[in-house]
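What follows is a single structure, written as structure tokens, with notes after it.
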Amino acid sequence: MHASARLLRRLSSSSSARSLRRLPLHPSPSPPPHPSRLPPLRTVTRAVLPHLAAPRFSTISCASTPSLRLGECGALGTPSIPSAEVSEGEEEVESAAARHDTDAFAAVELALDSVVKVFTVSSGPNYFLPWQNKAQRESMGSGFVISGKRIVTNAHVVADHTFVLVRKHGSPAKYKAEVQAIGHECDLALLTVESEEFWEGMNSLELGDIPFLQEAVAVVGYPQGGDNISVTKGVVSRVEPTQYAHGATQLMAIQIDAAINPGNSGGPAIMGDKVAGVAFQNLSGAENIGYIIPVPVIKRFISGVEESGKYSGFCSLGISCQATENIQIRECFGMRPEMTGVLVSRINPLSDAYKILKKDDILLEFDGVPIANDGTVPFRNRERITFDHLVSMKKPEETAVIKVLRDGKEHELNVTLRPLQPLVPVHQFDKLPSYYIFAGFVFIPLTQPYLHEFGEDWYNTSPRRLCERALRELPKKAGQQLVILSQVLMDDINVGYERLAELQVKKVNGVEVENLKHLCSIVENCTEENLRIDLDDERMIVLKFQNARLATSRILKRHRIPSAMSNDLVDDQASKETDEVGQGLLESPMSPSVSAGSSLADSVLTEGRGGLQQIRRTQVLQPEL
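Taken in order, the sequence shown gives residues -16 to 608; the numbers are from this note's numbering.
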């Protein structure tokens, strides 16, 4: 009886200890109710991001201890004496648990000299006031060493960085790191550290393969809740293309049930003695659903950097497809019973496929791999993934062979693949936004980060027409932008026009606007008395050009804005003026202005373009990201 009581106390205490060790990294042990819709993905690296809540700590009472049932506490009934015999099933469970403990211990030993903590100071741009940055903030993440004295981490760990430090395990010193390459679509970045002292005793990790379902992995990193290295165990639940929250792209990802918390991102998921992936995001509102970037995506990123010296991007076929699971649509397009494929519905005009494919083509195969009616292709043992994965693993300018069914006949076509940029950029990290101010009207190219400034529910709170165009419109030619009038800085010159903000600019003096540089060029080179700007909804702005140009300087001074245009437009205008001056000097070599060519160029920049010389002097005040 006394032996039984002692055994129960040991079981109870060990169970409680295990639960409490996990609590700092896990939510409350009781499962949350199922949400009405799939919650959004989120990146989880930045341990001090304001929108991420701190972990919830809770205690477990005796009544909630799973190893004790009613009647086992001694007061409500006779305690049951556990059997001394162990069944075969229990032996297998204990053996599996021992293997998991061994794997976790090996992962710790392997990671101690490889995983580092990343400290980032960042400052993102303010898209409502594009001439200035937001407040500086500090954040933390994880990373690990690979061959070539490089550190792999997540792109969102160092996005918009101004300063990066790394610290290795067991060392109080922090070392300055530089970002060698960064790929926001795949959420990966490479860091380098010049200090030789940092690399003493550091070991590199080797990249492995894609793990199979139910294989155990150990996630190593520096999540919130402490300062030392942390290891969480889990198994692989799913392997499929997934939305990457940071880059808003669809690439292969591995879902695991190990806890991935703020600060974990950038850390390795180790299987055996190799890296199976990089932790990068979790599923908001769900319990223990985390995602890691698989090795093929990591290798594709690294190989692109090694070959070109910079991030080269992931390829796209540039088409939108519809499933042909309904037999009637297959019969309509002449598909035989043994045929499978998807219907081409839209083609990006900037893609190579635009010259080869046609709307209503049936895409049957990609590089000899048959495409099912739901758009999937075979993957490993009885698994399937969308054929987009095959496209994304191609290198830029590589050729793919596609088989299509067109007008009842099969054709084999060669298509060159390359990364494609959307009409409205989905992200704009590590660079200052473009803007142009004239007479208090602030013109910018439409971007999704601008729409994000309207809040977390930006899809419903941002201007509806701009939001729909950002998500659905395709570019018609290279370099095209949707230029909008974002706001009006009030002055006598623009009274009555203040309600025309958040509208797209269609034309300036009858010329269709292609992009912000084009709009700037039209305005700066205006020779007419009036400047007419046509907007959405058949609205227009008419200004006296000379009066408006004088008012611009007054408005800039009033609002303490250093320049009327962003650095990229300043450089473009300056180079254009320099070319014009040089061309004029070549055409009249005997002109007296030849001997004072530099003075002529300075006067053109200063007077002919409304103070560009002043802009050139002040642009160094704007931080480069």
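Glycine included, each C-beta is placed from N, C-alpha and C at the ideal position.
In the assembly as shown, Phe421 is a buried residue. Its beta-carbon has 16 or more other beta-carbons within 10 Å.
In this chain, the beta strand (DSSP E) harbouring Phe127 covers 120 to 129. Going by DSSP, Tyr419 is part of the beta strand (DSSP E) stretching over 419 to 421. One Cα belongs to Asp170, the other to Ala138, and the distance between them is close to 5 Å.
If you look at Thr444, you'll find it in the alpha helix (DSSP H) that goes 441 to 444.
Within the DSSP bridge table, the entry for Ala383 names Val398 as partners. Selection Val101, Pro428, Lys342, Val104 evaluated against His410 yields Pro428 as nearest (Cα-Cα).
For Thr323 against Asn356, the beta-carbon gap comes to about 5 Å, under 8 Å, which counts as contact. With 16 or more other Cβ atoms inside 10 Å of its own Cβ, Ser299 counts as buried.
Under DSSP, His144 takes part in a beta bridge, and its partners are Ser105. Taking all protein chains in view, the Cβ of Pro245 is crowded by 16 or more other Cβ atoms within 10 Å, so the residue is classified as buried. In the DSSP assignment, Cys304 falls outside any alpha helix (DSSP H) and lies within the beta strand (DSSP E) extending over 302 to 305. For the 8 Å CB-CB criterion, Leu190 and Lys132 do not form a contact. When the five nearest sequence neighbours on each side are left out, the beta carbons in the same chain lying within less than 7 Å of the beta carbon of Glu395 are those of Val384, Lys386, in order along the chain. Bounds of the beta strand (DSSP E) holding Glu366 are 366 to 369. Assigned with DSSP and collapsed to three states, Leu533 falls in helix.
For a cut-off of 8 Å, the C-beta gap from Val222 to Ile243 is around 16 Å, too long to register as a contact. For Met523, the pairing in a beta bridge is given by DSSP as Asp517.
When the beta-carbon positions are compared, Tyr294 and Gly166 come within less than 8 Å of each other. Listed in chain order, the non-local C-beta contacts of Gln119 below 8 Å within the same chain comprise Val104, Ser105, Ser106, Thr145, local neighbours out to five positions each way being set aside. Under the three-state reduction of DSSP, Arg329 is assigned to strand. With a cutoff of 8 Å on beta-carbon distance, Leu465 and Leu518 are scored as not near each other. Within a 10 Å sphere around the beta-carbon of Gly230 sit 16 or more other beta-carbons, which makes this residue buried. Around the C-beta of Met235, 16 or more other C-beta atoms lie within 10 Å, and the residue is accordingly described as buried. Bounds of any beta strand (DSSP E) do not take in Lys282; it lies within the alpha helix (DSSP H) bounded by 278 to 291. Secondary structure note for Tyr205: it is in no alpha helix (DSSP H), with a DSSP letter that is neither H nor E.
With respect to the 8 Å criterion, Val147 and Ala156 are not classified as neighbours on the basis of their beta carbons. Under DSSP, Ala252 takes part in a beta bridge, and its partners are Val202, Gly260. CA-to-CA, the gap between Leu174 and Ile134 works out to about 5 Å.
For the pair Gln529 and Glu512, the Cα-to-Cα distance works out to about 7 Å.
For Thr136, the pairing in a beta bridge is given by DSSP as Ala172. In the DSSP annotation of this structure, the continuous segment of the beta strand (DSSP E) that includes Leu346 starts and ends at 345 to 349. Residue pairing of Gly324 in beta bridges, as defined by DSSP: absent, with no partner found. Contact between Arg515 and Asn492 holds: their C-beta atoms lie close to 6 Å from each other, under 8 Å. By the neighbour-count definition (other C-beta atoms within 10 Å, threshold 16), Lys377 is a buried residue. The alpha-carbon of Pro405 is positioned some 15 Å away from that of Tyr337.
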